[in-house]
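Taking it in order: structure first as structure tokens, then the write-up.
Residue numbers (the numbering used here): 103 to 363.
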């Protein structure tokens, strides 16, 4: 298998004879070097795929859900392999929903929604960005949350964003005590009966869910749009293509013109 793919990459036979054993040792498959690929386990096939991808000595490796379907022991083994490859000076781009795993592995994390990069930052800074906020879960009866949100906005409270999720109102704020105090008055004014209220810090998984599934405030949406335009320009994407992408996202023509010049 490795000889075949190596030749497809254009590698010389002599170079492959030296490189293949080194790669098999790296992915811990050297003892199975004479085994047919079709007869090895799923985890071994995953590691064989990585070895094949490294045959032509690329500087960038892209892994799509590398631990999907693996048991906890094999997942740890896969992540150790990724770290070993990274220490050899290779850049690794990982697509994964397992934030609890990649936050301890990756130096930078990007969050994508609808094909657009919402944010890219180090795990620590990404968490710090939202750790300033506390998450308020409010449940009331009859649960007219649109009215409650309207009154919270009118009170000009320091709220990052809020939305209805599973019969509750979720609020992110840096001033939870102030918001809760105002909520009590708003509930009383609107004849809402308080059923439950909880205040807690969001996890990185919850931050991901909030950014990708919940509507962002207009100001934040504009910031993310500006970040996208800047990133696209750095990548050499034409203004025409940037305009098309913004139009597909529903941005008005005047905003597109302002952002793209």
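No residue lacks a Cβ here, since even glycine has one placed at the ideal position from N, Cα and C.
Residue of the options minimising C-alpha distance to residue i
| i | options | result |
| --- | --- | --- |
| residue 200 | 253, 306 and 240 | 306 |
| residue 169 | 278, 189 and 144 | 144 |
| residue 147 | 103, 121, 110 and 161 | 103 |
| residue 281 | 228, 264 and 227 | 264 |
| residue 326 | 351, 346, 342 and 343 | 351 |
| residue 332 | 221, 138 and 161 | 221 |
| residue 297 | 120, 242, 159 and 310 | 242 |
| residue 364 | 266, 141, 198 and 268 | For residue 364 there is no data in the structure shown, the boundaries of the chain being 103 and 363. |
| residue 111 | 158, 284 and 124 | 158 |
| residue 119 | 174, 105, 178 and 173 | 105 |
| residue 108 | 153, 310 and 268 | 153 |
C-beta contact flag for residue i and residue j at 9 Å
| i | j | result |
| --- | --- | --- |
| residue 163 | residue 187 | yes |
| residue 193 | residue 238 | no |
| residue 150 | residue 176 | no |
| residue 301 | residue 278 | yes |
| residue 313 | residue 284 | no |
| residue 195 | residue 128 | no |
| residue 211 | residue 231 | no |
| residue 347 | residue 355 | no |
Residue i, DSSP secondary structure in three states
| i | result |
| --- | --- |
| residue 236 | strand |
| residue 144 | helix |
| residue 314 | helix |
| residue 172 | coil |
| residue 221 | strand |
| residue 187 | helix |
| residue 193 | strand |
| residue 339 | coil |
Residue i: CB within 8 Å of a non-hydrogen atom of the ligand HEM
| i | result |
| --- | --- |
| residue 268 | The ligand HEM is absent from the structure shown, which contains no ligands of any kind. |
The stretch 205–221 contacting the stretch 247–260, beta-carbon criterion three pairs below 8 Å: no
The stretch 239–254 / the stretch 281–295 touching (three or more Cβ pairs under 8 Å): yes
Alpha helix (DSSP H) runs contained entirely in the stretch 263–315, provided each spans 4 or more residues: 278–291 and 306–315
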